[in-house]
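The next block holds one structure in the form of structure tokens; read it before the comments.
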Amino acid sequence: MRWARRAIGLIALGLVLSGCPLQWQRITVNETINPEDVTFIRAGETTLSEVVAKLGAPDMISDTRGGAVARYQFRDVKYFRVNFGYAVKYFTPPGVPDDMVLAGGGTGTHEFQVVFDANWVVQYHAFARHLSASRYRLWPFDTWPNCPCRTPGEEG
Amino acid sequence: MKAHKVIGMAATLILSLALLGGCAFIRGSMGEVIKDEDVAALKKGVTTRAQVASLLGAPERIIEANGHEIFQYYRYDVKSGMILFFSRTNVKGDDLYVMFNKNGVVEEVVFGRRTDRLKFQFWPFGD
Numbered sequence: 078m079r080w081a082r083r084a085i086g087l088i089a090l091g092l093v094l095s096g097c098p099l100q101w102q103r104i105t106v107n108e109t110i111n112p113e114d115v116t117f118i119r120a121g122e123t124t125l126s127e128v129v130a131k132l133g134a135p136d137m138i139s140d141t142r143g144g145a146v147a148r149y150q151f152r153d154v155k156y157f158r159v160n161f162g163y164a165v166k167y168f169t170p171p172g173v174p175d176d177m178v179l180a181g182g183g184t185g186t187h188e189f190q191v192v193f194d195a196n197w198v199v200q201y202h203a204f205a206r207h208l209s210a211s212r213y214r215l216w217p218f219d220t221w222p223n224c225p226c227r228t229p230g231e232e233g
Numbered sequence: 003m004k005a006h007k008v009i010g011m012a013a014t015l016i017l018s019l020a021l022l023g024g025c026a027f028i029r030g031s032m033g034e035v036i037k038d039e040d041v042a043a044l045k046k047g048v049t050t051r052a053q054v055a056s057l058l059g060a061p062e063r064i065i066e067a068n069g070h071e072i073f074q075y076y077r078y079d080v081k082s083g084m085i086l087f088f089s090r091t092n093v094k095g096d097d098l099y100v101m102f103n104k105n106g107v108v109e110e111v112v113f114g115r116r117t118d119r120l121k122f123q124f125w126p127f128g129d
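Respectively, the protein sequence lines represent chains A and B. Just so you know, we're using this note's numbering here: the first sequence kicks off at 78 and counts up by one. Just so you know, we're using this note's numbering here: the second sequence kicks off at 3 and counts up by one.
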């Protein structure tokens, strides 16, 4: 009988989880480049070919007054959703809405830029990091209930 | 066969089906595959703008940078996995830049392939 109970428990767990009210979703575009990956770059010495040989082709090349800019971009999107009305659907009549959803997320960006002179030699390079925006959020509002304070992570 | 073995096998089968019911693998792409042999056929100082267009087709973008005309070709590949309440979508792109001199002849070829490292994943945490 112990086997039967375990089997029924496993089946019930599987069926419940297969329609679970929780969702963690993530989308990543391209690959991150870390500071240690670009230590070989020397302003006034390193060429476009050498940069490409180590880092691959950039996602974008654009022109500026100061020279051409090669941009390597990374995107990270995180999204979390919970439906507190999930269990209610077993008790409500058909056609009655039963969703009570809280959800939140964010898109983080990360970019590495290399600026070249007219001979395609590196003038300078820099990172633009905004990855902290990418996070799973349960609470989508600006303040907690009965509290005028801002939610954690929203300061500044 | 003993009863508990039959129940165990049935439970495993039903559990597998239940789990697979919340499971999806999705694949998508944008643009044509940039073939290595086509890239290798671009010869610096020899291949002209018209020959590049004939070989690879019209570029997705034409850029002016550092006084050079640049043809940009790109392709994106998407792999998405979902199991139960976890899902992850990965996107990577291949980029080809062909730079021409003032006479419209290839001066530099820059190619990077990332799609060969694209993986199916479902776990949304970590790197």
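From the three backbone atoms N, C-alpha and C, an ideal C-beta is built for every residue, glycine too.
- In the DSSP assignment, LYS131 (chain A) falls within the unbroken alpha helix (DSSP H) covering 125–132.
- Among the residues facing chain B, LEU99 (chain A) is included, as its CB has a counterpart in that chain under 8 Å away.
- Burial state of GLY121 (chain A) is exposed, judged by a 10 Å Cβ sphere holding fewer than 16 other Cβ atoms.
- For GLN102 (chain A), a Cβ of chain B is located within less than 8 Å of the residue's own Cβ.
- The beta carbon of GLU109 (chain B) lies closer than 8 Å to those of LYS46, GLY47, HIS70, MET101, PHE102, ASN103 in the same chain, with the five residues before and after it left out.
- Our two residues, ASP176 (chain A) and THR184 (chain A), have alpha carbons roughly 25 Å apart in a direct line.
- Between the region 111–121 of chain A and the region 148–164 of chain A, the count of C-beta pairs closer than 8 Å stays below three; the two stretches do not touch.
- As a beta-bridge residue in DSSP terms, SER139 (chain A) pairs with A:VAL146.
- Distances from the alpha-carbon of VAL128 (chain A) to those of A:GLN100, A:ARG148, A:GLY144 put A:ARG148 closest.
- For TYR167 (chain A), the secondary structure class from DSSP, reduced to helix, strand or coil, is helix.
- One Cα belongs to LEU120 (chain B), the other to SER31 (chain B), and the distance between them is close to 12 Å.
- Apart from the 5 residues on each side of it in sequence, VAL146 (chain A) sits with its Cβ closer than 6 Å to the Cβ of SER139, GLN190, VAL192 in its chain, given in chain order.
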